[in-house]
Amino acid sequence: MKFSELPLDERLQRAIVDANYIAPTPIQEKAIPPVLERKDLMGIAQTGTGKTAAFALPILQNLLQGGDSKGQKPIRVLILLPTRELAIQVSDCFEKYQKYTRLTSACIFGGVSDLPQKRALSRGVDTLIATPGRLLDLINQRVVSLKKLEYFVLDEADRMLDMGFIHDIKKVVALLPQKRQNLFFSATMPPEITKLAASILRTDPVRVEVAPQSTPIERIRQELYRIDKRRKGALLKEMLLEHPEMKKVLVFSRTKHGADKIVRVLEKAKVTCAAIHGNKSQNRRQEALGNFKTEQIRVLVATDIAARGIDVDNVTHVFNYDLPDVPETFVHRIGRTARAGRDGVAISFCAPDEEQDLRAIEKLTRVQIPEGDKAIFEKLPPPQKETPESEARNSRFRTGKFGGRKAREQKTEQAKKEPSKPQPKQKQNALPTPKTHTGKRLGSRARRRLREEQAKRQQSQNG
Ligand code: AMP
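The sequence shown begins at 0 in numbering that gives the first Met the number 0 and counts up one residue at a time.
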């Protein structure tokens with residue numbers, strides 16, 4: 000099928016030619032016709048499949064058919080999505096596709112001043128692309144009204160739920176007119192997403208699905224390196240120094256702290272790189288992403304949330320510096336390479352305590368990841384022996400749970416081996432450390448409050 004065969008306005012067709020799109024992608028082929036017929040749609044597709052054009056083009060077509068409204072334009076289309084990066088990307092697509100028309104769009108997201116966004120909205124826009132927090136904020140300020148809305152798109156619904164946006168989504172949906180067309184996109188369809196979709200979509204939506212979630216892209220060549228946690232940085236560095244063909248490299252770290260640490264290691268080795276994660280300002284994130292896209296830096300280190308929705312062409316290598324604990328995330332990550340018919344390589348580092356994550360990934364993808372060339376290990380410093388303390392510390396950082404089962408078990412093991420040290424005597428009349436009913440230590444504020452209450456009670460008993 001060619002784009003010219005689709006009943007799209009000549010102005011949109013021209014923009015498509017300018018964008019160098021020749022044929023619709025499978026999701027576009029499947030989604031554009033029913034959306035043009037004003038049907039509700041549930042699309043199961045990941046970023047990189049062309050899903051933005053799959054909803055943007057038919058919506059723009061429908062808007063064009065409606066004709067221009069006189070006076071201040073009401074917002075007729077709302078695209079709700081989880082991250083600023085995705086918002087900017089989708090907004091860029093709308094601008095690209097509508098450039099020969101008089102249709103307009105605006106993009107709003109948090110973390111930056113709302114003034115330029117309010118200014119853009121004051122001129123009136125047809126399409127609003129928004130993250131939930133800023134949208135609700137501007138609705139409360141009466142800067143945004145959704146009373147005349149005709150089209151509602153929820154993009155990356157699964158990620159929205161992961162990020163805790165469910166209540167915000169429900170609040171927004173409650174403000175929309177009953178009569179509207181709904182398009183719902185998600186990369187995965189766990190039961191809670193199906194439930195959310197059912198609460199938004201009209202009955203019998205058209206369901207389109209591309210690249211089932213559990214199938215990794217076949218063209219990706221995968222390699223696995225079993226390595227202790229402490230030497231992952233050295234391994235990454237050596238690989239980058241040894242392989243100049245690793246030109247545009249995306250490295251996934253499980254934590255923000257870990258991402259910064261990787262950048263420090265690479266910078267020391269003069270590898271150009273930057274990190275994007277939630278602790279970086281919007282400007283820094285955009286700058287890092289821009290430099291990566293234009294290949295001014297070779298490596299972009301990202302956490303899953305920050306990387307979600309970012310669209311970068313020609314990523315040559317994806318590194319799973321840490322394995323994700325949700326196997327579907329692995330599929331999203333490696334899908335960033337080998338796009339648009341190109342080849343790509345995904346390299347995964349697996350520490351001993353990540354074996355379980357590896358098994359889950361291999362089970363989901365039904366692929367046993369082959370081990371990479373072990374010769375590289377000769378260039379690394381010898382492994383340091385883990386002490387029980389360092390292992391417990393690593394495990395705490397990995398899980399984010401301080402004082403978890405493993406750490407407790409290790410402590411008990413150690414206590415068994417070592418003769419117990421004399422414990423400092425408890426102060427006389429000291430109150431025991433307050434704990435929750437599950438035995439966890441309370442937070443400092445709660446501890447103080449409890450202590451005050453206990454002291455009062457004791458005073459009143461004594462007095
Ligand atoms: P998306 O999945 O919407 O984030 O799109 C991923 C990338 O594919 C973007 O860079 C789009 O510009 C590009 N793209 C979308 N549709 C097509 C198409 N039909 N032909 C070629 N590239 C496309």
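Glycine included, each C-beta is placed from N, C-alpha and C at the ideal position.
Query                                                                                                                                                                              : Result
Take Lys29 as the anchor and find which of Glu452, Pro189, Phe54 and Glu191 has the nearest alpha-carbon.                                                                          : Phe54
Report the residue from Leu79, Ala44 and Leu5 whose alpha carbon sits nearest the alpha carbon of Leu56.                                                                           : Leu5
For Pro423, I'd like the list of residues in its chain whose CB is within less than 6 Å of its CB, leaving aside the five on either flank, ordered along the chain.                : In this predicted model, Pro423 has a pLDDT of only 44, less than 50, meaning its place in the structure is not dependable enough to derive any value.
Compare the Cα-Cα distances from Tyr224 to each of Arg448, Leu11, Asn61 and Ala345 and report the closest residue.                                                                 : Ala345
What residue from Lys50, Lys247 and Leu153 has the CA that sits closest to Val76's CA?                                                                                             : Leu153
If you count every other CB in all the chains shown that lies within 10 Å of the CB of Met238, and 16 or more means buried, which is it?                                           : buried
Look up Met162 in the DSSP assignment and say whether it is helix, strand or coil.                                                                                                 : coil
Under the rule that 16 or more other beta-carbon atoms within 10 Å means buried, what is Gly70, buried or exposed?                                                                 : exposed
Please give the ranges of any alpha helix (DSSP H) in the segment 20-95, keeping only runs that are unbroken, at least 4 residues long and fully inside the region.                : 25-35 and 50-65
Touch check for the segment 187-196 and the segment 110-118: three-plus C-beta pairs under 8 Å?                                                                                    : no
Whole-angstrom Cβ separation of Thr48 and Val209, contact assumed at under 8 Å?                                                                                                    : 5 Å
With DSSP collapsed to three states, give me the class of His331.                                                                                                                  : helix
Please report the distance separating the alpha-carbon of Leu63 from that of Leu148.                                                                                               : 15 Å
I'd like to know whether the C-beta of Val76 is nearer than 9 Å to at least one C-beta of chain D.                                                                                 : This model lacks chain D altogether, as it is built from one protein chain only.
Does DSSP put Thr336 in a helix, a strand or coil?                                                                                                                                 : strand
Below 8 Å on the Cβ atoms is my guess for Leu299 versus Ile275; work out the distance and round it to an integer in Å.                                                             : 7 Å
Under 8 Å: do the segment 75-93 and the segment 157-168 share three or more Cβ pairs, one atom per stretch?                                                                        : yes
Might you give, ordered along the chain, the residues of its own chain that have their beta carbon closer than 7 Å to the beta carbon of Met0, omitting 5 neighbours on each side? : Ala22, Pro23 and Glu28
Give me the residue from Gly343, Gly123, Cys106 and Val124 with the minimum Cα distance to Gln116.                                                                                 : Cys106
Given 8 Å as the limit, is there contact between the segment 313-331 and the segment 251-262, that is, 3 or more CB pairs closer than that?                                        : yes
Tell me whether Lys279 is buried or exposed, calling it buried when 16 or more other Cβ atoms sit within 10 Å of its Cβ.                                                           : buried
Runs of 3 residues minimum, wholly inside the segment 200-277: which ones carry the beta strand (DSSP E) assignment?                                                               : 205-208, 219-225, 248-251 and 272-275
Cα separation between Tyr96 and Asp17?                                                                                                                                             : 9 Å
Mapping DSSP to helix, strand and coil, what is Phe466?                                                                                                                            : With the chain covering 0 to 462 only, the question about residue 466 has no answer from this structure.
Please write down, chain order preserved, every residue whose beta carbon lies under 7 Å from a heavy atom of the ligand AMP.                                                      : Ala18, Asn19, Tyr20, Ile21, Ala22, Pro23, Thr24, Gln27, Thr46, Gly47, Thr48, Gly49, Lys50, Thr51, Ala52, Gln88, Cys92, Asp310, Asp312 and Ala339
Would you grab the beta carbon distance between Thr126 and Arg10 for me? Rounded to a whole angstrom, and I think it's under 8 Å.                                                  : Their Cβ separation, rounded to whole angstroms, is 15 Å, which puts Thr126 and Arg10 out of contact at 8 Å.
If you draw a straight line from the C-alpha of Pro351 to the C-alpha of Ile15, how long is it?                                                                                    : 49 Å
Could you compute how far the alpha carbon of Ile368 sits from the alpha carbon of Ile360?                                                                                         : 9 Å
CA-CA distance, Glu266 and Gln285?                                                                                                                                                 : 19 Å
Taking only heavy atoms of the ligand GDP into account, decide whether any of them is closer than 8 Å to the Cβ of Arg218.                                                         : The ligand content of the structure shown is limited to the ligand AMP, which means the ligand GDP is not among them.
So the beta strand (DSSP E) Leu153 belongs to, where does it begin and stop?                                                                                                       : Tyr150 to Leu153
Helix or strand or just coil, what does DSSP make of Ala350?                                                                                                                       : coil
Could you have a look at Ile107 and say whether DSSP puts it in helix, strand or coil?                                                                                             : strand
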